[in-house]
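Peer 1: Top to bottom, those sequences are chains A and B.
Just so we're on the same page, the working numbering is the position in the first sequence counted from 1, plus 147.
Just so we're on the same page, the working numbering is the position in the second sequence counted from 1, plus 406.
Even for Gly, the Cβ is constructed at its ideal location relative to N, Cα and C.
All of these numbers come straight from a predicted model, not from anything done at the bench.
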Amino acid sequence: KNQVEQSPQSLIILEGKNCTLQCNYTVSPFSNLRWYKQDTGRGPVSLTIMTFSENTKSNGRYTATLDADTKQSSLHITASQLSDSASYICVVRGLQAGTALIFGKGTTLSVSS
Amino acid sequence: DVKVTQSSRYLVKRTGEKVFLECVQDMDHENMFWYRQDPGLGLRLIYFSYDVKMKEKGDIPEGYSVSREKKERFSLILESASTNQTSMYLCASLSAGAAREQYFGPGTRLTVT
């Protein structure tokens, strides 16, 4: 069964610190992997999309990595800010026709001052 | 900028009422989706549509129906609202291209009393 597992479920860090969120998936064959940021009460907003041939992608202080061999991705946040407090959702799309996007349940990040 | 708009941010309905949630996108995307998001369960796909008048069931279609009469508009219908349909409802549309970007609306928080 195609699954996307994220860890940790929640995380609390101090402002200015770095953190890394994990995403493991079993979707195969694989087309692309996305990371979204969702602020409380809002819709998800895309941070990065990576295809199977890409190992890393950055968007400002957010850097996503992908290891298609081990089916793992991480999202690294550098020099965290209070505005980074949100849920971060990993989403995987399979290659087969008709494969819908498979959503992880998200990691809730709280950045405190 | 892609815009996906939803008709209401907050909605309160009574059990048994018929509820319409409207979603409009302005980027001529073929694919549109309705999800619900509940704590601890992540986003779950209710229905999606890949063309006008075409629809496919997602993971949890029971109690819902959809309508896609025009390309830019995708409606979610709760024929007889129940309390277990209290949730955040998110609409999304999907662009074409190799790494297709999915854009989300701001969400509708529906409470059924």
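(1) Within 8 Å (strictly less), CB to CB, does Q431/B reach chain A?
(2) Just to confirm before moving on: does the CB-CB distance between S259/A and L158/A stay below 8 Å?
(3) Identify every run of the beta strand (DSSP E) within the stretch 192-233 of chain A, keeping only runs that are complete inside it and at least 3 residues long; order them along the chain.
(4) Taking three-plus beta-carbon pairs below 8 Å as touching, is the stretch 469-477 of chain B in contact with the stretch 429-441 of chain B?
(5) Between the stretch 178-194 of chain A and chain B, which residues of the former have CB atoms less than 9 Å from a CB of the latter, in chain order?
(6) Give the straight-line distance between the Cα atoms of F480/B and M460/B, rounded to the nearest whole angstrom.
(7) Excluding the 5 residues preceding and the 5 following L451/B in the sequence, name in chain order all residues of the same chain whose CB lies nearer than 7 Å to its CB.
(8) Just how far apart, CA to CA, sit S220/A and Y456/B?
(9) Less than 8 Å between the CB atoms is what I'm expecting for N149/A and V174/A, so what's the real figure, rounded?
(10) What do you get for D432/B, buried or exposed, if any count of 16 or more other CB atoms within 10 angstroms of its CB means buried?
(11) When the cut-off is 8 Å and only beta carbons count, does P155/A lie next to chain B?
Peer 2: In brief:
(1) For Q431/B, the answer is no, since every Cβ of chain A falls outside 8 Å of its Cβ.
(2) No. Outside cutoff.
(3) 192-198, 203-206, 209-214 and 219-224
(4) yes
(5) S178, N179, R181, Y183, Q185, G188, R189, G190, P191, V192 and S193
(6) 11 Å
(7) F439, Y441, G464 and D465
(8) Straight across, the Cα-Cα distance linking S220/A with Y456/B is about 29 Å.
(9) 4 Å
(10) exposed
(11) no
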